[in-house]
Every structure is written in C-alpha cells, then in structure tokens.
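One structure is given here, and the rest of the page talks about it.
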Amino acid sequence: MTWALRDSWTVTLRDLGHWRRQPWGLVIGLAFPILLLLMFGFLLGGAIDVPGGYIEFLFPGMLAVTMAFGLETTMTTVSEDVQRGVTDRFRSLPMSRIAVLLGRATADMLASVVSLAVLLVAGLVIGWRIHEGVGNALVGVALLLLLRFAFLWVGIYLGLLFRGQGGVMAVQILVWPFVFLSNAFVPITTMPGWIQVLSAWNPITATVAATRELFGNGPATENAILLAVVWPVVLSVVFATLAVRRWTRLGR
Amino acid sequence: MAIRTTGLTRRYGETTVLDGLDLTVDAGTVHGLLGPNGAGKTTTVRILSTLLDPHGGTATVAGYDVVRQAAQVRRHVGLVGQHAAVDEILGGRDNLVMFGRLSHLGTRQARRRADALLEQFDLVDAAERPVSTYSGGMRRRLDLAAGLVLDPTVLLLDEPTTGLDPSGRREVWQSVRALVAGGTAVLLTTQYLEEVDQLASQVTVLNHGRVAAEGTPDALKASIGQDRLDVVVRDEADLPSAHSALRAVAQDAETDLDGRRVTATVTDRMAALTYVVRTLDDAGIVVDDVILRRPTLDEVFLHLTGSTKEAS
Ligand SMILES: Nc1ncnc2c1ncn2[C@@H]1O[C@H](COP(=O)(O)OP(=O)(O)O)[C@@H](O)[C@H]1O
Ligand SMILES: [Mg+2]
Chain A
1 MTWALRDSWT
11 VTLRDLGHWR
21 RQPWGLVIGL
31 AFPILLLLMF
41 GFLLGGAIDV
51 PGGYIEFLFP
61 GMLAVTMAFG
71 LETTMTTVSE
81 DVQRGVTDRF
91 RSLPMSRIAV
101 LLGRATADML
111 ASVVSLAVLL
121 VAGLVIGWRI
131 HEGVGNALVG
141 VALLLLLRFA
151 FLWVGIYLGL
161 LFRGQGGVMA
171 VQILVWPFVF
181 LSNAFVPITT
191 MPGWIQVLSA
201 WNPITATVAA
211 TRELFGNGPA
221 TENAILLAVV
231 WPVVLSVVFA
241 TLAVRRWTRL
251 GR
Chain B
1 MAIRTTGLTR
11 RYGETTVLDG
21 LDLTVDAGTV
31 HGLLGPNGAG
41 KTTTVRILST
51 LLDPHGGTAT
61 VAGYDVVRQA
71 AQVRRHVGLV
81 GQHAAVDEIL
91 GGRDNLVMFG
101 RLSHLGTRQA
111 RRRADALLEQ
121 FDLVDAAERP
131 VSTYSGGMRR
141 RLDLAAGLVL
151 DPTVLLLDEP
161 TTGLDPSGRR
171 EVWQSVRALV
181 AGGTAVLLTT
191 QYLEEVDQLA
201 SQVTVLNHGR
211 VAAEGTPDAL
221 KASIGQDRLD
231 VVVRDEADLP
241 SAHSALRAVA
251 QDAETDLDGR
261 RVTATVTDRM
271 AALTYVVRTL
281 DDAGIVVDDV
291 ILRRPTLDEV
301 FLHLTGSTKE
311 AS
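Chains A and B are the protein sequences, given in the same order.
All residue numbers for the first sequence refer to this note's numbering, where the first residue is 1 and numbers rise by one.
All residue numbers for the second sequence refer to this note's numbering, where the first residue is 1 and numbers rise by one.
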C-alpha cells in the first residue's frame, strides 16, 4: 500500500512538472471558463431575468460546468498517454499498477482546486458574493470538487476505452449539450417540457442547485444537497470500477 | 537462457497473430527477430514484457514466467517500444528520475542512475530540455536509457531504428553494442536485414506469427543472399529473348507479368552481367535498364516462406 501511495505521488509529480514547464497550459485552461463567464454574464445576462441578478445566478453554474469540462481534460490526457506508449512504459515498470490511475486522479484534483480558487476570485471581482457564511460556501466548494471527482473517473474510463481520436472527439462535442441541458445557465422552468425532465436528471443540475443554495445565490430546493452528494458518489463508484477493470484488463 | 517461449499463441478477435512461436535467446547475446510489418514482432515483445497476455503456450524471461511471475519479469526486463514512450514536456533527466523512482530505486539513487544514463547515452547537454525538442536519434537514446534504469538482464528492443536517419541509426547501433559488451541479452525486432547483420548473432525470421527460418545471419544470407539481376526491356515483345538470356545464367529467371522486367538470382555477378548485356546487345534488343542489386526483404520472404509479404 505504501508503494501504491508513493508511486501515485511520483505520477502526480509528473503533472506538477508539466505545470512548471508550461504554466500557460493552466492559464489557458482558466481563460476558457472566465471567458464563458464574462460572455454569459455581461452579453447574454441582460436578457435573462432571474431574482438576485444573473451574475449571482450564473456563477455557481459556471463553476459546476468548469468541473464537468474537466472530464475532457482527464480523458484527453489518459488517451494520449495510451497512444504515445507512456502507459505501456508505466505498465512495464515494477511499480504499483493502480498508482498510474491514482496519480492521474490526484493531479487532476489538484488542478481543479487551483482553478476553483482562481475562478472564485474572478467571481468576487465581477460582483458575485456569498450570502450564507464561509462554512456553507466551503461545503459548496467541496460539492463542486466531488462532482469533478466523479467526472474524473468517467474521463479515465473513456480515455482508456477510446484508442483512436474519433471517440475522444465525439465526447468533446457531446460535453456541450450535456452541460447546457442543466440549470447552469438558465432556470430549468424556462425549458420545453421533455427537456426539463432531462435537465432535472442531469448530475450537474443537482450540484448547481446545491451550490446556489449554499452560496445563497438562489432559493433552496428540496433534496438539492442530498442529490449533489448521491449523484457524484454513484458516478464515482460506477466509473472507478469500470476504469479499474478496464485498466487491469488492458493486456487481454 | 534469457528468453524461452514454447508454442506461444495470441489472437486478436478471430485473427491468430502468433501461432505457436518457439523462440530461444541465449544470455548475453543479441537475437534478431526479423519480419515484415504485421508479422507479430510487436505482439511478441508485448507478451515478453507482460503488457499483453498470451492465449496459449508459455514464455519465460530472465527465468521468470511472464504470466505467473509478472512482477519479477518487470524487475529484470527492460522494454524499448516501437514508439518513444517518454514524457514530451519534461526534460530527459526528469523522465529518467521519474522512471527510476517508479522502479523503486529511491529518489537519491534514481537521480544518480539518471545522471549515469545521461552520460552513457550522451544526453547530458540536453538533460534539462523538454523532450519535444529532441531529434529522433536523441529521443530513441533517451528511450533506451529509460529501458535500462534497472540495469535489466534482458532488454527488449522493438524496431529501435525505424524512422531514424542513417546517423541516428548508427547511434542506436553503437549503444546496443555497448550494452551487449556489458552482458545484457537483447531481443531486437527489425524489418531490416542489415540491422540484424550489424548486431545479431542469431536470427529468427517471423512471418504470419510463425518461425520461417532461424540461424546465424551468415547462414541466413548464404541461403538467400545472392545478388539479383533485373533487366528492363523497352519493347514488351523482347521479353522472351531477355528471359532466355537470363535463364542461361540463372535457373530462377522470372518475368514480371505486367511490366517489362525479368529478374533472376545470380551467383557470379560480373560474369552474369557481362553475358546478359552482350547477348541482348548481339540480338539487337533495346534495354532500358540493367540493375544488379541485393535481394529485398520481400524476396527474402518469398524465398523463405513461399508467399509474398502482405501489405499492412
Ligand atoms: N490491438 C490490436 N487489435 C487488433 N489487431 C492487432 C492489434 N495489435 C496488432 N494487431 C494485428 O496483429 C498483427 C501483428 O501485429 P504486430 O505484432 O504489431 O506486428 P509487427 O510488429 O511485426 O509489425 C497485425 O496483423 C496487426 O494488425
Ligand atoms: Mg511492430
């Protein structure tokens, strides 16, 4: 077990090394959600009427969407490592095998913590505020990271599944309707009937509703926090199992 | 015995890619695994390095079974895959230190080993540069170094010079020679006869997942290594005359069905060349080209297996 942890950390350090050498990689990763935030908040926001103002409404949604887009980052990294043979190199070493996945997970979670911190500052700058105390806000941040954790395993699984570029690109495109079919940008009640049903079941919706409640950026909804825990936990368990299974069977 | 496989079998879906491969590599030697694209070379290397499970037969590397003792195999076997498998963003030293740590050398020992390998493979000056700025030859050398972090008793090299220019190729050959001098056994896959000739003391020719021939490079060359003489006539109507002229110097003269070319294996190259050119000239046949050359790998395989190399 201690080797598993040490090896995981070594694999994580590899990513930290990437940050050190290509800091702009992180910056570009952050520029995207900030740009979306500004575009939606200031360009479209004027046309969207929600109680409390659109920036307050949008900001928790934007954070959750950034966590969801993390799926793409994880998947692309995993798939590239497989294609470039780096995964094979790891698998041919006498290291803990599971450490490759755990190290990936740790690195991506660390990156997400940094992104969230920067985004929160950006939010404060453009006028977003918390209204329910720091404790609740921290719980909201934890729920956002839990969502990232769930999508991380989805990303690892899909990255191991798709050997070619085709599958990776398909997911990169499908992520878009997936994040828009949620309450992140507009209230679900403004959507057509059957889309409301889809959006209500979107795990992003649960996290957004819960964080809005915890930040005081929107009304409390029934079971929002419970769902924001259950959804990611279920997704994590299912996809971590699938990913580990896929990983241990790469040689078959 | 560095490597021994018996009846090694592997399928992908319905296709049998390795069909009962028996392979023996002696300790401290370079063994060439020669075969065209799709012969099953990479599959063999992947099984021997525990990346892929065999579907039948057994394989031991450095004395350990690749299935039941996979962990020990990984500790004693170095792998250099077909494509350089190093981190492109990190520098050469960071890569080697990472692989050393992951091989459980401990950080200090991993650093020391990385420095020694950088020295050995002449990468000290480039140690801190991102690998993405390396030349093809440097990348290959770093990949070789990465395969040697644990000082393996057996090294698996999968087409180490494919895609390299001649100088890159020579660099890799030098490194391999130095390794063997140090006692490491090497299984080297390649598509190039020349490479086997340069490095290997034993060769196994693989075709469609089966052994097509084995022996020393010299023995192999003796069986297939005679020169080829090609004659290209201008007028297709002259093909029969060209054919009979070549038949006079070689038994196996063959007419290229859709071209204007006749090809034959010749033993006494100069005598054959002079004879054929003079005969055709006397008969007043216009010749576009006469080529005296070494056999191609295609012809080697034709010779060894009676079937042509399949495009893949
Ligand atoms: N992952 C795979 N899935 C399906 N077929 C494969 C896979 N890997 C290799 N093959 C097939 O197995 C055969 C042998 O491949 P390989 O061992 O890579 O040959 P070589 O290295 O000699 O070129 C080829 O026909 C190839 O198409
Ligand atoms: Mg190959």
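Positions of the beta carbon are idealized from the N, C-alpha and C atoms, including for glycine.
Fair warning: this is a prediction, and the values are worked out from it, not measured in the lab.
CB contact check: residue 102 of chain B to chain A, cutoff 8 Å: yes
Contact check, residue 266 of chain B vs residue 250 of chain B, beta carbons under 8 Å: yes
Between the CA atoms of residue 135 of chain B and residue 30 of chain B - distance to the nearest angstrom: 26 Å
Any non-hydrogen atom of ligand 2 closer than 7 Å to residue 60 of chain B Cβ: no
Beta carbon proximity, residue 75 of chain B to chain A, threshold 8 Å: At least one chain A Cβ lies under 8 Å of residue 75 of chain B.
Secondary structure of residue 313 of chain B, DSSP reduced to three states: A query on residue 313 of chain B cannot be resolved here, the shown segment of chain B reaching from 1 to 312 and no further.
Burial state of residue 37 of chain B (16 or more Cβ within 10 Å): Residue 37 of chain B counts as exposed, since fewer than 16 other C-beta atoms from the protein chains shown sit within 10 angstroms of its C-beta.
Opposing strand residues paired with residue 293 of chain B [DSSP bridges]: Residue pairing by DSSP puts residue 293 of chain B in a beta bridge opposite B:228.
Own chain partners of residue 4 of chain A with C-beta closer than 8 Å, once the 5 adjacent residues on each side are dropped: 96, 98, 99, 102
Under 7 Å from the C-beta of residue 10 of chain A: neighbouring residues of chain B: When 7 Å is used as the limit between beta carbons, residue 10 of chain A is near these residues of chain B: 98, 101, 102, in chain order.
Alpha helix (DSSP H) segment containing residue 39 of chain B, residue limits: Looking at the DSSP string, residue 39 of chain B is not in any alpha helix (DSSP H), and its letter there is neither H nor E.
Touch test, the region 228-237 of chain A against the region 139-159 of chain A, Cβ-Cβ under 8 Å, three pairs minimum: yes
Bridge-paired residues (DSSP) for residue 215 of chain B: B:203
Partner residues on chain B for residue 22 of chain A, Cβ-Cβ distance less than 9 Å: 89, 130
Span separating the alpha-carbon of residue 272 of chain B from that of residue 210 of chain B: Separation of residue 272 of chain B and residue 210 of chain B (C-alpha to C-alpha, rounded to the nearest whole angstrom) is 36 Å.
Residue 196 of chain A: CB within 7 Å of a non-hydrogen atom of ligand 2: no
At least 3 beta-carbon pairs within less than 8 Å: the region 100-107 of chain B vs the region 108-117 of chain A: no
Beta-ladder partner(s) of residue 264 of chain B, from DSSP: B:229
Chain A within 8 Å of residue 146 of chain B, Cβ atoms only: yes
Straight-line gap, residue 60 of chain B to residue 118 of chain B (C-alpha atoms, nearest Å): 30 Å
is_contact[residue 248 of chain A, chain B] using C-beta, thresh 8 Å: For residue 248 of chain A, no CB of chain B lies under 8 Å from its own CB, so it is not counted at the interface with that chain.
Beta-carbon proximity of residue 72 of chain A to residue 165 of chain A, cut-off 8 Å: In this structure, residue 165 of chain A does not lie closer than 8 Å to residue 72 of chain A by Cβ.
Where residue 18 of chain A meets chain B, residues with beta-carbon distance less than 7 Å: 89
Rounded separation between residue 149 of chain B and residue 208 of chain B - CA only: If I take the Cα positions, the gap works out to 33 Å.
Contact with chain A by residue 367 of chain B, beta-carbon distance below 8 Å: Because chain B in this structure spans residues 1 to 312, residue 367 of chain B falls outside the shown range and cannot be described.
Proximal chain A residues relative to residue 83 of chain B, where beta-carbon distance stays under 8 Å: 84, 85
Cutoff 8 Å: residue 108 of chain A Cβ touching any chain B Cβ: no
Alpha-carbon spacing of residue 219 of chain A relative to residue 208 of chain A, whole angstroms: 12 Å
Proximity to residue 40 of chain A [Cα-Cα], best of A:242, A:18, A:185, A:249: Measuring from the Cα of residue 40 of chain A, the nearest candidate turns out to be A:185.
Beta-carbon proximity check, residue 3 of chain B vs residue 154 of chain B, cutoff 8 Å: Yes. Within cutoff.
Chain-ordered residues of the region 58-75 of chain B with a beta carbon less than 7 Å from chain A: Per Cβ criterion, the list reads 71, 74, 75.
Interface partners of residue 90 of chain A on chain B, CB under 8 Å: Chain order gives the chain B residues near residue 90 of chain A as 102, where near means a beta carbon separation below 8 Å.
Closer than 8 Å at the beta carbon, the chain B residues around residue 49 of chain A: In chain order: nothing, as chain B lies at least about 46 Å away.
Reduced DSSP secondary structure (H/G/I, E/B, other) of residue 157 of chain A: helix
Integer Cβ distance of residue 23 of chain A from residue 103 of chain B, believed to fall under 8 Å: No, residue 23 of chain A and residue 103 of chain B are not in contact; Cβ-Cβ is about 29 Å, not under 8 Å.
Own chain partners of residue 156 of chain A with C-beta closer than 7 Å, once the 5 adjacent residues on each side are dropped: 74, 78, 101, 104, 243
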